[in-house]
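Mind the numbering: the sequence shown is residues 894 to 1161 in my numbering, read in order. The beta carbon of each residue, even a glycine, is placed where N, CA and C say it ideally should be. The structure appears right after this line, and notes come after that.
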Amino acid sequence: MLKIKIINQEGNELYIGSAQQQACCIYNFDYRDGDWVIVDCDKKNGFYKVRLEDTMMESIVFVPGTSFVYFIPKVAERSSYSPKSFYGNCHIITVSEATEEELSQRRNLAFNPYDQHENTTFFPHSSANVETRNEATFASRNAIDGYFFNESHGSFPFQSWGINRNPKAEFQLDFGREVVLDEIVLTLRADFPHDNYWTKATICFSDGSELIVDLEKSAARQSFKFPPKRVNSLVLKNLIKSNEPSEFPALTQFEAWGYEAKILEKGE
C-alpha cells in the first residue's frame, strides 16, 4: 500500500490518497511556502519510481524506512527548477514500486532530481562542504538532477554545483545502500571564458579505494571506467584548477553508473 499526503506548514493535511501498486495525486490548488509531501510505504528498504512534480523527470529512488518526505521548494528557492515547476493549481504526483527488471538494468545510480538539502529519507543524496553564496543555482543537488546544459551559468537550465572559489571544496554522494559501480562520468560547466575547469580530481570511495582522474577543458561528458567496486558512498575532492585566469570552475553533472548490489547477488 502506498499513500501520498500533502501537508502544510501548520501540519494540516491538504490531500490524502492511496493505492496498492501505483499512487497518483492530482492536487488542484496552488502550493504555498511550507507545503510538503509525505509518501507512506508498507515496507522498508524499497525502491520506487517517483515523479514528485509533473514537469520533472521520473527517477528511481531507494527508501530505507517506511516513508519518505519531499519539501515543496519555496518560491525564493526555485531558480534551479523550470519556471513551470510548482506553479499553478494542477499538480500531479505519481509513485510506484520499481520492478526487478527495472532494478536489474545498468543505470546512473546518482540520478535524483528530487534531492534537496533537507532530504534524509530517500537516496541518492548529495551534499557539499561549500556552495557558492548558498544559492539554489549552485547547490550540490544540481549535479545529479539530469540537466546537462553547461554553456552558461546561473538559473535553470544552467544550474550547477558551484564551489565559491574554494580549493578545498568536496562533493559527497550517498547511495543509502550498497551498489556496484564501474564508471564515473563528469560534465564540467563550460561557460568559457567566464569559467575555469579542473585538470585533475580524486574520487574517494567508501571501500577505501581512490580514483584519480585527469580532466580536459571541454563541454562534453568525460567518462572514467574501472573494475566494479561495491560502495555505499563516495566523495569528489582534491579539485585542481587549471592555470587559466578565471576563478570559477563548476560541475554541471556527476554520473555514477553501475548496478544494484542486491540484484546482482540474486544472479550469482
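Problem set entry | Contacting residues, own chain, Cβ-Cβ under 6 Å from Phe-987 (five flanking each side not counted) | Here the question's residue 987 lines up with position 94 in the sequence shown. The amino acid at residue 987 is misidentified as Phe; the sequence shows Thr. The beta carbon of Thr-987 sits closer than 6 Å to those of Cys-917 and Arg-944, all from its chain and outside the five residues before and after it, given in chain order.
For this session: Please confirm if the segment 1076-1088 is in contact with the segment 1035-1055, defined as three or more CB-CB distances below 8 Å between the two stretches.
Result: Touching, per the Cβ criterion.
For this session: Please say whether Ile-1156 and Glu-993 have beta carbons closer to each other than 8 Å?
Result: To locate residue 993, count along the sequence shown from 1; it is residue 100. To locate residue 1156, count along the sequence shown from 1; it is residue 263. Against a cut-off of 8 Å, the Cβ pair of Ile-1156 and Glu-993 comes out as a contact.
Problem set entry | Rounded straight-line distance, which links the Cα of Val-1023 to that of Asn-1059 | Locating residue 1059 in the sequence shown gives position 166, counting from the first residue. Locating residue 1023 in the sequence shown gives position 130, counting from the first residue. Their Cα atoms are separated by approximately 8 Å.
Exercise. In this structure, what does DSSP give as the bridge partners for Gln-915?
Worked result: For this step, residue 915 is matched to residue 22 along the sequence shown. In the DSSP output, where bridge partners are listed per residue, Gln-915 has Ser-989.
For this session: Grab me the residues of Arg-1082's own chain with a C-beta within less than 7 Å of its C-beta, minus the 5 sequence neighbours each way, in chain order.
Result: The residue labelled residue 1082 in the question sits at position 189 within the sequence shown. Result list for Arg-1082: Asn-1043, His-1046, Ser-1053, Asp-1088, Ala-1143, Leu-1144 and Thr-1145, in chain order.
For this session: Taking 8 Å as the threshold, find out whether the segment 998-1005 comes into contact with the segment 966-982 through three or more Cβ pairs.
Result: no
Problem set entry | Chain-order list of residues whose beta-carbon lies under 6 Å from that of Asn-1057 (same chain, five-residue window excluded) | Taking the first residue of the sequence shown as 1, we reach residue 1057 at position 164. Same-chain partners within the cutoff: Val-1023 and Thr-1025.
Exercise. Considering Arg-1123, what are the terminal residues of the beta strand (DSSP E) in which it resides?
Worked result: Within the sequence shown, the letter at position 230 stands for residue 1123. Where Arg-1123 is concerned, the enclosing beta strand (DSSP E) stretches over 1115-1134.
Exercise. In angstroms, rounded to a whole number, what distance separates the CA positions of Leu-1104 and Phe-1119?
Worked result: Translated into the one-based positions of the sequence shown, residue 1104 becomes position 211. Translated into the one-based positions of the sequence shown, residue 1119 becomes position 226. So the alpha carbons of these two residues sit roughly 9 Å apart.
For this session: Look up Leu-1144 in the DSSP assignment and give the residues it is bridged to.
Result: Position 251 of the sequence shown, counted from the start, is the residue given in the question as residue 1144. Beta-bridge annotation (DSSP): Leu-1144 is paired with Trp-1054 and Leu-1081.
Exercise. Candidates Gly-958, Gln-1009, Lys-977 and Arg-999: which alpha carbon is nearest Asn-964's?
Worked result: For the purposes of this step, residue 964 is taken as residue 71 along the sequence shown, with counting starting at 1. Before going further, note that residue 964 is Phe rather than Asn in the sequence given. Closest by alpha carbon: Gln-1009.
For this session: State yes or no: is the C-beta of Ser-960 within less than 8 Å of the C-beta of Ile-931?
Result: Start at 1 with the first residue of the sequence shown, and residue 960 comes out as number 67. Start at 1 with the first residue of the sequence shown, and residue 931 comes out as number 38. Yes.
For this session: Return the CA-CA distance between Asp-1107 and Asp-933, expressed in angstroms with no decimal places.
Result: By 1-based counting over the sequence shown, the position of residue 1107 is 214. By 1-based counting over the sequence shown, the position of residue 933 is 40. Taking the straight line joining both Cα atoms gives about 44 Å.
For this session: Kindly list the residues whose CB is nearer than 6 Å to the CB of Tyr-1040, restricted to its own chain and excluding five residues on each side of it in sequence; keep chain order.
Result: As a first step, residue 1040 must be located in the sequence shown, where it is residue number 147. Same-chain partners within the cutoff: Pro-1050.
Problem set entry | Assigned secondary structure, Ala-1162 (DSSP; H/G/I helix, E/B strand, else coil) | The structure shown has nothing for residue 1162, since the chain only spans 894 to 1161.
Exercise. When you compare only the Cα positions, how much space is there between Ala-1113 and Tyr-908?
Worked result: Within the sequence shown, numbered from 1, the residue matching residue 1113 stands at position 220. Within the sequence shown, numbered from 1, the residue matching residue 908 stands at position 15. Using only the alpha carbons, I get a separation of about 43 Å.
Exercise. Can you tell which of Ala-1154, Glu-906, Glu-1137 and Glu-1158 has the C-alpha that lies nearest to the C-alpha of Val-1073?
Worked result: The count along the sequence shown starts at 1 and reaches residue 1073 at position 180. Of the candidates Ala-1154, Glu-906, Glu-1137 and Glu-1158, the one whose C-alpha sits nearest the C-alpha of Val-1073 is Ala-1154.
Exercise. Taking C-alpha atoms, which residue in Ala-1094, Thr-1030 and Glu-951 lies nearest to Phe-1064?
Worked result: Reading the sequence shown from its first residue, position 171 is the one you call residue 1064. Closest option to Phe-1064, Cα to Cα, is Ala-1094.
Exercise. With distances taken between CB atoms, is the gap from Asn-921 to Asn-982 smaller than 8 Å?
Worked result: Your numbering for residue 921 matches position 28 in the sequence shown. Your numbering for residue 982 matches position 89 in the sequence shown. Their beta carbons are under 8 Å apart, which means Asn-921 touches Asn-982 by this criterion.
Exercise. Which of the three DSSP states, helix, strand or coil, is assigned to Ile-1037?
Worked result: Translated into positions along the sequence shown, residue 1037 becomes position 144. Correct three-state label for Ile-1037: helix.
Exercise. With burial defined as no fewer than 16 other Cβ atoms inside 10 Å of the residue's Cβ, what is the status of Glu-1148: buried or exposed?
Worked result: One-based indexing of the sequence shown puts residue 1148 at position 255. Label assigned to Glu-1148: buried.
For this session: Identify whether Leu-1074 lies in helix, strand or coil by the three-state DSSP scheme.
Result: Within the sequence shown, numbered from 1, the residue matching residue 1074 stands at position 181. Leu-1074 falls in the strand class under three-state DSSP.
Exercise. Among Ala-1029, Arg-1034 and Ala-912, which one has its Cα closest to the Cα of Tyr-1007?
Worked result: For this step, residue 1007 is matched to residue 114 along the sequence shown. Sorting Ala-1029, Arg-1034 and Ala-912 by C-alpha distance to the C-alpha of Tyr-1007 places Arg-1034 at the top.
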